[in-house]
Each structure stands twice: as C-alpha cells, then as structure tokens.
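Student:
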Amino acid sequence: MAASKPVEAPGGGGTAGLSRWQLALVLGAPVLLGAGAIYLWGRRAARRGKGANERKTPEGRASPGPGGEGGSGQPDGPGHEEMSPLGRAQAAKNKGNKYFKAGKYELAIQCYTEAIRLCPPEKNLDLSTFYQNRAAAYEQLQKWTEVAQDCTKAVELNPKYVKALFRRAKAHEKLDNKKECLEDVTAVCILEAFQNQQSMLLADKVLKLLGKEKAKEKYKNREPLMPSPQFIKSYFSSFTDDIISQPLLKGEKSDEDKDKEGEASEVKENSGYLRAKQYMEEENYDKIISESTKEIEAKGKYMAEALLLRATFYLLIGNASAAKPDLDQVISMEDANVKLRANALIKRGSMFMQQQQPMLSTQDFNMAADIDPQNADVYHHRGQLKILLDQIEEAVEDFDECIRLRPNSALAQAQKCFALYRQAYTGSNALTVQAAMKGFEDVIKKFPKCAEGYALYAQALTDQQQFGKADEMYDKCIDLEPDNATTYVHKGLLQLQWKQDLDKGLELISKAIEIDNKCDFAYETMGTIEVQRGNLDKAIEMFNKAINLAKSEMEMAHLYSLCDAAYAQTEVAKKYGLKPPTL
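If you read the sequence shown in my numbering, its first letter stands for residue 104, the second for the next number, and so on.
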C-alpha cells in the first residue's frame, strides 16, 4: 500500500481503520486529524500561550468587559455612589465575595441575590457579573441546574462573557447536556483565541464522549459496506504467507473458467470455498462471504480456509463481532495448516489493536510467532504493532527478522527505515536522522518498484521541510500505483504545507475521491480543510460521507467528533457571531 492514513497509538485520541494497519504514518502537514481537529488553531496557540486558568472566584469589578475578567471591586468614585442603587448593589456583591472566600456559599448566594434585586435593570454588565457570581457559589454547592440558569442570565446580558459561558459549559457537562456543553465551550475557545488549556481539554473531552455515544448507536444499525477494490487489494498485498489470498491453481478452477486458449480448466471438485476464491480473482467481492458460508455449512474439505476467508471479509466490511468467532475457530483447529492459524492470529491481533486492546493484540502476535516462527508476515505486522506502541527498538528487531526470512521484502525494509527515522526525529538527533534519510535512499535504489518506500520517504522529507523532493517522491508513488487514492491525499496536503495552495490541495484530494469514492480518508481530510477555510456546511457534508464509510466503531466515533465540532461552530456563529481564524 503506497500511503496510509495517519494513526495514533492507543490513548492518543486517534482511530485506526483496517487501512491504517499498513503502518502508522505521521502526517507532516498543517492539518490535525485527532478528535479535536476543529481546534487546530487552538492547539498551536495553547502550546505557545497560557496554561490552564481555573475560573473559581467570583467577579470583583462591577463592569466586566466582553472577556469577563474581574477587577478590584472598588466603586468608581468616593462619597456618594455607594448610596445609589448601583452602589448598594455593589456593596451587597462585595459582601457576598467575602462570604464566598470564607467558604460560606449559602450566605454569599443571599448577598448576590440582594445585589441582583438592587441593581438597576439597564446596568447589563453589572447584572451579568452578579448572576455569574451567584452561579459560582451554586457551583461550589454542586447545584448544577441553578448554575446553568444563572449563567444563562449572565450571557443574555453580556453575550461574550467568557466566565459565564465556561461555567455554564461545566454545568451542562455535569447535567449530561453534551450538545449544549460543546456549544458553550466552543464559544469560549474562540473568544479566548484558543489560549486556555482548560477549555481546550473540556472541548476534547465532550467531543470524544459525543462521538462514542453517536457511533455506538449508528454502528450497531449500519449496513455492511464493502470497501473499494483498490483498498481490498492493498490490504491483501501486505501479506505474503496468506494462503487464502494466493491465486487458484489450474486444477482448482471451475469448469466455467476458461484459459487463454479457450479450453476449460480441469475440474476436480465443487466447493464453495473454491468458488469464493474464483470470485476474488474476478474482484466480485460481494459473493465471497456467502460462498464461504456454503463451504462451512457443508463441513467441506476447505472449511478452515473458508472460515478464515469469511472472517477476513467480515473485517473488511467492518463487522468485527462476526469475524471473531470464525478467527477463534481457525486458531483452535490444531490439525489445520499452521499458516492458516498464524494468519488468523495476525488478523485477530490487528483487530484487537484496532479496538484499543494492546495486551490481547500482543498475545496473539506472540502466539503466532511461537506456532509459525518462519512466517515473515508475523514479524512484519508485529513490527507495525510495536511502532503503534512506541516500542521502536522491538519494531526494528521484528522488521529485521522479516527481512532475514524474506530478503526481498521491500515493504519491511522501507518500514524499518521509517521506524528508525521516527526514533531519530523524535529524539532530535541530527546524525541519526541523516543516517535514516540515507537508508530511504538505499531502499528506493534497491527496490525502485516499491511505492511504499517512496511514500514513507516523502513523509520523512516533509518533516525535514524538503518539500520539493517530497513532492517528487509522491509523483513516483503515483507513477507506480496510479489508483492509490491515499497518495493523492498526502500530495494534496503537501501542497497546503509547502505552497499554501488550497486550490491545488483540494484538486488532488478531489482526484483521490474520483479514483476511490469509498476513500474515507479523503472525505475526512477535505472536511478538515473546509473547517479551516470556514466552510462549515461543506465540512459537515464531507464528515458525514466519511462516517458512512467508517470501517470500525472507533473510527466512526472519531469522525463524529469532527462533525460535531464543526456543527458546534455553526451554532456558535448563529448565536454569537463568533468564528475562529480561517486559512
């Protein structure tokens, strides 16, 4: 597979579809594809700006600005103002602040209520402060409904009041009003120019919760969807010791299959599994599960192969719950071909990793190595697992073993180079980075037909800001695999980072969709770019297309997070006229 979707290790907030098992690639472009991608600008600002800023204390000054930060609480002038209605309201508020600081929240609430009663109704900003202060006291008593109500009053009086918006967001979180919480915290992030880590973390938290909630319901009722032929072929190309993906032998073909001279191939037996294999060769993938099922129900000669083939296509259509029993059965068949069992363990291990169960995944890969120690696929795929777990030295050892068993494995050699490069790059070691880059040169020189080698080298070059050469490497990928949609996506993202050329970037991503209209990575990336351009409705359309193509519940949750974040921005724009910076 020439280029894969970027993926994060478990716990990093990312998601992994089956395509991502072709090695996690780090995207060297100004587009983040994590659950909080909508807050791209904020992540950058937060890294160089303020830290968390806890908002617990009540306001002191009578008239907060739009940001809502409080002052000293002193009246504007001596002598007479404290006797005015506003002065008396301020005095009640100041008394409430003293009770608040002393932890006497009920008494503080009484004082803030008195301040609200005394305050002239035309003094909007002062009133908003009093309501916000009372909400702060209610918050200490964990009276979340009252907190939300008082913050709503404060926001009605001062629509860009950050403290009130954020306090209401936290109250909505406690009340399990996720949608309302997200809208409020989105407004806060924009108003604060994404400078406050506390609001950013709440945004990410609620996005993930919403995503998981929606994905659980949607995925349960989704219609199975066969991936594109390009995706399926790329998936099988990552295996070399996979019996079920090997071509039919001449004697296994059905009597309807003709050779080049038009003569019928020799017919040995009638088998659902062999028919399924024939459909594979014809790229008639929709019939494979049903034909495999016939072999299984008949308890035919190829039952183990049929179970593994059916499980593989269940995985490909995103039905892991149906795949697992078939994989379990193959693994337990001690009289079956050991390569079938090892392949089943690799696929179940990859499935566990996709489900963020790394311990189970590691157990399966280790068992596969124990029962079939000469199987290069085991070490190749376990090496990828180790990269996801940030165990680079062990990953390199696995790739070395794969190369020892299959010296001409270009893919393993390219991925070993990438693992060494990531290790050097994250360690900021210039000499080892240079050595890793030379390793890529050696790989593409030795294996000029390996598209993955060019793709991985291109991403390393992008990290090093050698954009022109990276672009050349992506062109090599396209020459070798013109139907690989993900390469066009990566090349499109490169245009954004290199030349800030939105039109060219979107043109290339559109080309990816033209090549493979089931490429969820292309829709997801286009949606993320449209968010950054401020085209939120278009972004939501793209994210929804990606959601319908998601291959796992976890991937779907991630995409819902992106979509919900974009939708929250549309609601904030309508209510408060707030929009984040755009490209």
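Cβ atoms here follow ideal geometry from the backbone N, Cα and C, with glycine treated the same way.
(1) Just how far apart, CA to CA, sit Ala513 and Thr589?
(2) Using the beta-carbon count (16 or more within 10 Å), is Tyr142 buried or exposed?
(3) What do you get for Glu544, buried or exposed, if any count of 16 or more other CB atoms within 10 angstroms of its CB means buried?
(4) Just to confirm before moving on: does the CB-CB distance between Val634 and Leu611 stay below 9 Å?
(5) Using DSSP with H/G/I as helix, E/B as strand and the rest coil, what is Met629?
(6) Between the C-alpha atoms of Glu225 and Asn280, what's the straight-line distance to the nearest angstrom?
(7) Could you give the first and the last residue of the continuous alpha helix (DSSP H) run that contains Ala515?
(8) Quick check on Pro551: buried or exposed, where buried means 16 or more other Cβ atoms within 10 Å of its Cβ?
(9) Please identify the residue among Ser231, Gln243, Ala218 whose C-alpha is closest to the C-alpha of Lys207.
(10) Do Glu500 and Ala479 have their C-beta atoms closer together than 9 Å?
(11) Assign Gly452 to one of two classes, buried (16 or more other C-beta atoms within 10 Å of its C-beta) or exposed (fewer than that).
(12) To which residues of the same chain is Lys677 closer than 8 Å at the C-beta, ignoring the five residues directly before and after it?
(13) Verify whether the separation of the beta carbon atoms of Phe455 and Asp467 is less than 9 Å.
(14) Distance, Cα to Cα, Lys607 vs Thr628?
(15) Just the C-alpha distance for Arg79 and Tyr241, rounded to the nearest angstrom, thanks.
(16) Leu430 to Ala414, Cα distance in whole Å?
(17) Please state whether DSSP places Arg485 in a helix, a strand or coil.
(18) Where Pro684 and Ile547 are concerned, what is the direct C-alpha to C-alpha distance, given to the nearest angstrom?
(19) Taking 9 Å as the threshold (C-beta atoms), are Tyr405 and Tyr377 in contact?
(20) Can you list, in chain order, the residues of its chain with a C-beta nearer than 7 Å to that of Val675? Leave out the 5 residues immediately preceding and following it.
(21) Buried or exposed: Asn469, going by 16 or more other Cβ atoms within 10 Å of its Cβ?
(22) The alpha helix (DSSP H) that contains Arg509, what's its start and end?
(23) Among the candidates Pro223, Glu259, Leu228, Glu276, whose CA atom is the shortest distance from the CA of Thr248?
(24) For Glu656, which of Arg507, Ser231, Leu609, Arg325 has the nearest alpha-carbon?
(25) Residue range of the alpha helix (DSSP H) that Ile346 falls in?
(26) For Tyr376, which three-state DSSP category applies?
(27) Just tell me which of Ala218, Lys204, Asp586, Ala205 has its CA closest to the CA of Gly190.
(28) State the Cα-Cα distance for the pair Asp640 and Ala296, rounded to the nearest angstrom.
(29) What residue from Glu384, Gly375, Met329 has the CA that sits closest to Ser348's CA?
(30) Does DSSP put Arg325 in a helix, in a strand, or in coil?
(31) Give the straight-line distance between the Cα atoms of Ser393 and Ile506, rounded to the nearest whole angstrom.
(32) State yes or no: is the C-beta of Lys321 within less than 9 Å of the C-beta of Tyr670?
(33) Please state the DSSP three-state secondary structure of Ile219.
(34) With distance defined between alpha-carbon atoms, name the residue in Ala194, Gln567, Val258, Gly421 nearest to Tyr679.
Tutor: Based on what the coordinates show:
(1) 19 Å
(2) Low confidence applies here, because Tyr142 scores a pLDDT of 32, under 50, leaving its location unreliable; read the following figure in that light. Classification of Tyr142: buried, given that the 10 Å Cβ count is 16 or more.
(3) exposed
(4) Result no, Cβ atoms of Val634 and Leu611 do not sit closer than 9 Å.
(5) helix
(6) 31 Å
(7) Per DSSP, the unbroken alpha helix (DSSP H) holding Ala515 starts and ends at 513–529.
(8) exposed
(9) Gln243
(10) Between Glu500 and Ala479, the CB-CB gap reaches or exceeds 9 Å.
(11) buried
(12) none
(13) yes
(14) 14 Å
(15) Nothing in the structure corresponds to residue 79, since the chain is present only between 104 and 686.
(16) 6 Å
(17) helix
(18) 41 Å
(19) For clarity, residue 377 is Leu in the given sequence; the question names Tyr instead. Taking 9 Å as the Cβ cut-off, Leu377 and Tyr405 qualify as a contacting pair.
(20) Glu286, Thr289, Ala290, Ile293, Leu681
(21) exposed
(22) Careful: Arg509 lies outside any alpha helix (DSSP H) and carries neither H nor E.
(23) Glu276
(24) Arg325
(25) First-last for Ile346: undefined, no H or E at that position.
(26) Reduced to three states, the DSSP call for Tyr376 is helix.
(27) The shortest Cα separation from Gly190 among Ala218, Lys204, Asp586, Ala205 belongs to Ala218.
(28) Answer to the nearest angstrom: the Cα atoms are 22 Å apart.
(29) Cα-wise, what sits closest to Ser348 is Glu384.
(30) coil
(31) Their Cα atoms are separated by approximately 37 Å.
(32) no
(33) helix
(34) Comparing Cα-Cα distances from Tyr679 to each of Ala194, Gln567, Val258, Gly421, the minimum goes to Val258.
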